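Encoded as structure tokens, the structure appears first; notes follow it.
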Amino acid sequence: EEPHGAAPVDFLQQLPSYQSARRRRGGTQERRPAQLGTTGSRGTTARVLLQERDERTHRPAREHPKCMAEKRIIRNSQQADTEHLSRWKKWRRTSSKSLKKALSEIKGLSSYLVLWRHDIHNIEGKFGTGIQSYFSFLRFLVLLNFIIFILMFSFVTLPTIISKYGIFNSTVAYFSPKNIESICTIYEPSGNKGLVYFYTYLKDLLSGTGFLEVTSLFYGYYSIDAVWISMMRYNLPLAYLLATFAYLALSFLWIIKRSVEGFKHNLVHDADPFQSYCNKVFAGWDFCITDPNAARLKYRSLQYELQTDLQEEKLKQKIAERTMKEKMCIYSLRIFINIIVIAILSGCFYSIYRVTVFSQENSNNADNANSPVNLLVQYLPSIVITLANFIGPLSFSFLIRFEEYTPAFEIKLTLLRCVFLRLANIGVLLFSLWSQISNCGSDKCEPCGYNYKLYPCWESDVGQEMYKLMIFDFIVILAVALFVDFPRKLLVTHCSCKLIQWFGHKEFEISDNVLEIIYGQTICWIGTFFSPLLPAIATIKYFIIFYVKKIVLIHTRKPAARPIRASSSKFFFLVVLLIGLLLAFVPLGVSIAYIPSSKACGLFRNFSTSWEVIPDTILQFPTGLQQIFFGIASEAFAVPFFVILCIVMFYVIALARAHKRVVEQLREQLVLESRDKMFLIRKIAEAQR
1 EEPHGAAPVD FLQQLPSYQS ARRRRGGTQE RRPAQLGTTG SRGTTARVLL QERDERTHRP
61 AREHPKCMAE KRIIRNSQQA DTEHLSRWKK WRRTSSKSLK KALSEIKGLS SYLVLWRHDI
121 HNIEGKFGTG IQSYFSFLRF LVLLNFIIFI LMFSFVTLPT IISKYGIFNS TVAYFSPKNI
181 ESICTIYEPS GNKGLVYFYT YLKDLLSGTG FLEVTSLFYG YYSIDAVWIS MMRYNLPLAY
241 LLATFAYLAL SFLWIIKRSV EGFKHNLVHD ADPFQSYCNK VFAGWDFCIT DPNAARLKYR
301 SLQYELQTDL QEEKLKQKIA ERTMKEKMCI YSLRIFINII VIAILSGCFY SIYRVTVFSQ
361 ENSNNADNAN SPVNLLVQYL PSIVITLANF IGPLSFSFLI RFEEYTPAFE IKLTLLRCVF
421 LRLANIGVLL FSLWSQISNC GSDKCEPCGY NYKLYPCWES DVGQEMYKLM IFDFIVILAV
481 ALFVDFPRKL LVTHCSCKLI QWFGHKEFEI SDNVLEIIYG QTICWIGTFF SPLLPAIATI
541 KYFIIFYVKK IVLIHTRKPA ARPIRASSSK FFFLVVLLIG LLLAFVPLGV SIAYIPSSKA
601 CGLFRNFSTS WEVIPDTILQ FPTGLQQIFF GIASEAFAVP FFVILCIVMF YVIALARAHK
661 RVVEQLREQL VLESRDKMFL IRKIAEAQR
């Protein structure tokens with residue numbers, strides 16, 4: 001075997017891949033043929049071959065990458081081998097196959113239980129995976145809000161209902177005010193009494209006041225210190241706070257888990273522009289499309305993407321050839337445009353602040369409490385925020401054209417500005433409310449620590465603002481579909497006016513629709529602490545929006561001419577959603593740990609802040625357990641934990657860099673393999689000649 005083993009080694013050393021590897025190592029050592037034929041290597045190779053043979057033997061015939069004729073031969077050989085086995089092995093193999101078949105059938109049946117499976121599949125077939133990713137994202141938010149609702153209802157609302165009605169022999173322990181001024185405990189909800197008009201109920205339903213204010217929808221309804229079920233004490237304030245932390249942690253972990261796959265895809269596939277070009281040419285077609293119109297649209301979108309790539313290359317070449325004078329002009333223009341953008345954002349924020357202050361000061365006027373003007377005053381912040389969310393993106397899209405960025409960067413920068421505008425508007429609204437709640441001028445807050453005259457139960461007031469934002473956002477979505485999209489469709493279809501035909505059908509912009517629902521989800525995350533049943537409203541809202549958007553897409557809109565790939569869009573959706581969640585942490589953290597809790601309502605009236613229920617509960621533990629918890633919260637634990645966390649982080653970063661280098665080496669190996677094939681083809685051609 002040695003003479004036959006040496007010749008191929010000499011031949012393989014002539015391959016381009018071997019020569020490139022030698023040059024990369026920088027050495028001149030020759031690979032010794034004797035190492036390839038040692039006894040140890042032969043034994044290892046034999047073991048590997050036996051292991052692969054056993055795997056092929058036990059693997060079902062349909063899983064082999066063979067043609068049908070070869071699969072039949074493999075199946076017949078497997079059946080022949082089975083006849084020589086013992087009864088015990090036959091039974092094990094039969095039971096294993098039966099179990100796998102049962103599990104596959106259960107998995108197939110469970111797929112039919114997936115929400116909107118058939119609808120999303122039809123949307124994917126008609127409009128491609130880009131638009132399908134939006135509806136899948138909407139389904140994810142429906143499931144997330146439903147689970148948050150189950151969490152809050154099970155641990156907060158249900159124990160309260162059980163205790164108030166005395167179910168399961170439960171009793172109630174109400175709060176006894178401790179060291180609280182009597183003036184701080186006055187809270188008279190504006191419940192409807194006597195003869196009430198139907199309009200009043202409608203107004204209360206839209207604003208969250210009246211009969212809704214005294215229901216379990218808002219924080220002020222929960223005024224129980226503990227629930228006794230038989231001999232077990234259920235600490236409701238602690239459960240309320242821990243349920244809040246639980247739904248925030250659940251949302252964070254779920255989003256991270258779903259975004260990991262998209263991050264891996266972007267990390268690997270977007271690193272090399274040439275590979276991106278190859279993906280568009282060889283793997284860009286969406287084989288899920290079944291509709292001819294969608295196929296033509298996909299063809300145009302691929303053509304547009306290739307044209308965009310060429311334009312970007314030309315623009316990069318133009319940028320490289322710019323003179324110093326041209327660069328100074330472009331940078332000056334960009335600075336000026338960014339100043340305009342900052343001015344637009346500042347104008348939006350200041351308008352929201354002034355309108356919120358005006359609304360809070362005038363909405364509690366008893367003279368016109370049931371008038372339409374009062375309802376308009378209450379909804380002024382929501383109206384101004386909606387106008388800012390509409391005007392801001394239009395201004396950003398117009399100004400970005402003069403900054404001369406690449407098309408891809410234009411889209412990213414515009415979306416970044418729109419995300420900041422939408423999410424920052426909520427932050428400004430909450431800041432405006434806090435400034436009114438904590439406005440202690442002329443000794444307004446001296447007895448209670450907050451503006452108790454205007455906000456006797458400020459948590460319920462904040463919950464009402466979040467409720468109004470969610471309801472108004474839902475009304476705007478329905479109004480745009482009914483009074484804008486459908487009339488525009490009828491005019492374009494039945495009117496031949498050139499101006500109307502020039503407007504044409506409105507495009508279904510995926511990014512705008514995603515920012516719309518992420519804005520609503522951020523409101524839900526913030527408002528759930530102040531309104532525990534708000535996730536139920538969000539679930540119903542997104543459930544209806546799914547069908548509204550589906551009808552609008554099929555009957556009134558056309559897909560965007562500049563589509564987003566499903567792989568990158570899913571990652572973008574989750575990143576923006578994660579930004580919204582991180583933004584929600586800030587106001588909730590301030591409300592829980594900084595602003596004094598209401599003394600007239602709620603579960604935390606005996607605590608200076610909502611956070612104090614945690615140390616108060618720990619003080620009731622045994623001494624040893626207290627020392628463990630306080631030790632975890634001390635600097636002696638925090639500093640080593642931070643150091644270990646930094647070490648783990650550096651290890652993960654180093655591991656990521658190593659994986660990236662491996663990916664680069666694999667890419668180089670693919671290139672070298674293609675060169676090896678060309679080399680072998682030339683050698684075969686020379687041998688034939």
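Oh and the sequence shown: position 1 is 1 in full-length UniProt numbering, straight run, nothing missing.
For each residue, glycine too, the CB sits at the ideal point set by N, CA and C.
Note that this is a predicted model, so its numbers are computed, not measured.
Check: Buried/exposed call for Arg557, threshold 16 Cβ in 10 Å; Outcome: buried
Check: Beta-carbon contacts of Tyr219 that lie in its chain and below 6 Å, excluding the five residues immediately before and after; Outcome: Glu459, Ser460, Gly463, Phe530 and Gly602
Check: N- and C-terminal bounds of the beta strand (DSSP E) containing Trp228; Outcome: Ile224 to Ile229
Check: Tyr112, DSSP secondary structure in three states; Outcome: coil
Check: Through-space distance from Leu430 to Ala243, alpha-carbon basis; Outcome: 22 Å
Check: Alpha-carbon spacing of Ser223 relative to Tyr353, whole angstroms; Outcome: 31 Å
Check: Of the residues Phe409, Ile400 and Arg417, the one placed nearest Ser346, counting alpha carbons only; Outcome: Arg417
Check: Beta-carbon spacing of Ile255, Leu578 below 7 Å; Outcome: yes
Check: Counted within 10 angstroms of its Cβ, other Cβ atoms place Lys599 as buried (16 or more) or exposed; Outcome: buried
Check: Beta-carbon spacing of Asp291, Lys126 below 7 Å; Outcome: yes
Check: Short Cβ contact (7 Å threshold) for Pro393 with Thr157; Outcome: no
Check: Sheet register partners of Arg233 (DSSP bridge); Outcome: Trp228
Check: Cβ-based burial, Tyr134 [other Cβ within 10 Å; buried from 16]; Outcome: buried
Check: For Ala538 and Met466, believed in contact at Cβ under 8 Å, the rounded distance; Outcome: Not a contact, Cβ separation roughly 10 Å.
Check: Three-pair Cβ contact test at 8 Å for the segment 420-430 versus the segment 516-523; Outcome: yes
Check: CA nearest to the CA of Gln132, picked from Val643, Gly589, Lys570 and Ala687; Outcome: Lys570
Check: Segment limits, beta strand (DSSP E) that includes Lys599; Outcome: Looking at the DSSP string, Lys599 is not in any beta strand (DSSP E), and its letter there is neither H nor E.
Check: CB of residue 699 within 7 Å of CB of Leu415, strictly; Outcome: The requested residue 699 does not occur in the structure, where the chain is confined to residues 1 to 689.
Check: Contained beta strand (DSSP E) runs [length at least 3] in the segment 335-390, N- to C-terminal order; Outcome: none
Check: Cross-strand partners of Lys107 (DSSP beta bridge); Outcome: Note: Lys107 sits in no beta bridge, so no partner.
Check: Cut-off 8 Å between Cβ atoms - residues of its own chain near Gln626, not counting five sequence neighbours on either side; Outcome: Ile618 and Leu619
Check: For Lys66, the three-state DSSP class (helix, strand or coil); Outcome: coil
Check: Own chain, CB closer than 7 Å to Ser41, minus 5 neighbours either side, in chain order; Outcome: Model confidence at Ser41 stands at a pLDDT of 44, short of 50, so the residue's coordinates are unreliable; what they give is reported in the following sentence. Once the five neighbours on either side are set aside, Ser41 has no close Cβ partner at all.
Check: Proximity to Ile319 [Cα-Cα], best of Phe396, Leu583, Gln79 and Thr406; Outcome: Thr406
Check: Where the alpha helix (DSSP H) containing Lys549 begins and where it ends; Outcome: Leu534 to His555
Check: Local Cβ density within 10 Å of Pro535, reported as buried at 16 or more and exposed below that; Outcome: buried
Check: Under the three-state DSSP convention, the category Lys453 falls into; Outcome: coil
Check: Cβ neighbours of Ala584 in the same chain (closer than 8 Å, five flanking residues each side left out); Outcome: Leu248, Thr522, Trp525 and Ile526
Check: Own chain residues within Cβ distance below 8 Å of Tyr221, not counting five before or after; Outcome: Thr160, Val214 and Thr215
Check: Other residues of its chain near Leu138: CB distance less than 8 Å, five sequence neighbours each side excluded; Outcome: Ile517, Tyr542, Ile545, Phe546 and Lys549
Check: Pairwise C-alpha distance: Glu664 and Ala654; Outcome: 15 Å
Check: Test item: CB-CB of Cys184 and Cys448 under 7 Å; Outcome: yes
Check: DSSP three-state assignment for Phe420, whether helix, strand or coil; Outcome: helix
Check: Residues bridged to Glu516 (per DSSP); Outcome: Looking at the DSSP assignment, Glu516 forms no beta bridge with any residue, so it has no partner.
Check: Through-space distance from Phe153 to Met231, alpha-carbon basis; Outcome: 23 Å
Check: For Phe508, the first and last residue of its enclosing beta strand (DSSP E); Outcome: Lys506 to Phe508
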